[in-house]
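Mapping to UniProt numbering: the sequence shown position 122 is 122, numbers consecutive.
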Amino acid sequence: MNSNYTEPSHEDIIKYLKLTIKVAARSITLGHHPFGAIVVGPEGNVLAEQGNIDTLNHAESTICRIVYTNYPQEYLNRCTLYTSFEPCAMCSGSCYWAGIGGVVYGATEERLLALTGNSDENPTMSLPCRQVFDAGQRKVKVFGPFPELEEEIVADHLQFWKDN
């Protein structure tokens, strides 16, 4: 991990995770899955926010491509990606390759699987993001889950996956 990375405070984690919930809700209004991600700079400024697009263009992988093309690697090493649910293997890989310094997620991939079941739209993989990051040469700091927000995160998913 980059020694210049500053871990977010618990207060900031909760604040930014709540923003991912709003981004996820907006994603539903656009006809997409209820996932949201943001990238926050080391100064506390939101660099980008992204809802889910489709099964291949998840919120996290998409936002990683956006910030990677707009900010230098040294800067991204000091940034944090926040996401409502634990990033899948594809999204974890995107965070890794984009050079993001830290990842914060609200609810686990296991909780998502309990919500989606065997949905063709979300074939959840049982591969924790920490395991993906641990396989890399560059360290990524991971924070999560945050049970105090789980019900708020899950709320939009309950009806969405029931209907789909």
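Beta carbons: idealized from backbone N, C-alpha and C, even for Gly.
Just so we're clear, the structure is a prediction, and the values are computed from it rather than from any experiment.
- Which runs of the alpha helix (DSSP H) spanning at least 4 residues fall entirely within the UniProt domain "CMP/dCMP-type deaminase" (11-120), listed in chain order? 59-68, 73-76, 89-98 and 109-116
- Figure out for me which residue from 64, 79 and 87 has the closest Cα to the Cα of residue 131. The residue given as residue 131 occupies position 131 in the sequence shown. The shortest C-alpha separation from residue 131 is found at 87.
- Query: DSSP puts residue 141 in a beta bridge; with which residues?
  - Reply: Sequence index remark: in the sequence shown, residue 141 carries index 141 (1-based). Beta-bridge pairing links residue 141 to 102.
- Query: Which value, in whole angstroms, describes the spacing of the CA atoms of residue 14 and residue 38?
  - Reply: Stepping through the sequence shown from its first residue, residue 14 is reached at position 14. Stepping through the sequence shown from its first residue, residue 38 is reached at position 38. So the alpha carbons of these two residues sit roughly 13 Å apart.
- Query: Over what stretch of residues does the alpha helix (DSSP H) that includes residue 133 continue unbroken?
  - Reply: One-based indexing of the sequence shown puts residue 133 at position 133. From DSSP, the alpha helix (DSSP H) with residue 133 extends over 129-134.
- Beta-carbon proximity check, residue 99 vs residue 76, cutoff 9 Å: Locating residue 99 in the sequence shown gives position 99, counting from the first residue. Locating residue 76 in the sequence shown gives position 76, counting from the first residue. Yes. Within cutoff.
- Pick from 72, 68, 64 and 71: whose alpha carbon is nearest that of residue 82? For the purposes of this step, residue 82 is taken as residue 82 along the sequence shown, with counting starting at 1. Among 72, 68, 64 and 71, the Cα nearest to that of residue 82 is on 64.
- Task: Kindly list the residues whose CB is nearer than 7 Å to the CB of residue 60, restricted to its own chain and excluding five residues on each side of it in sequence; keep chain order.
- Result: One-based indexing of the sequence shown puts residue 60 at position 60. Answer for residue 60: 37, 81, 83, 87, 91, 94 and 95, listed in chain order.
- Rounded C-alpha distance that separates residue 1 from residue 16: Within the sequence shown, residue 1 is the residue found at index 1, counting from 1. Within the sequence shown, residue 16 is the residue found at index 16, counting from 1. Residue placement at residue 1 is flagged as unreliable, the pLDDT there being 48, under the threshold of 50; a coordinate-derived value is accordingly withheld.
- Message: Taking contact to mean 3 or more Cβ pairs, one atom from each stretch, closer than 8 Å, check whether the stretch 42-50 and the stretch 134-144 are in contact.
- Response: no
- Going by other Cβ atoms of all chains shown within 10 Å of its Cβ, with 16 needed for buried, is residue 52 buried or exposed? Here residue 52 corresponds to residue number 52 of the sequence shown, with the count starting at 1. The residue in question, residue 52, is buried, as its Cβ has 16 or more Cβ neighbours within 10 Å.
- Is residue 147 helix, strand or coil by DSSP? The sequence position of residue 147 within the sequence shown is 147, counting from 1. Of the three classes helix, strand and coil, the one that applies to residue 147 here is helix, per DSSP.
- Message: Which of the three DSSP states is assigned to residue 7 in this structure?
- Response: The count along the sequence shown starts at 1 and reaches residue 7 at position 7. Residue state, collapsed to three classes: coil.
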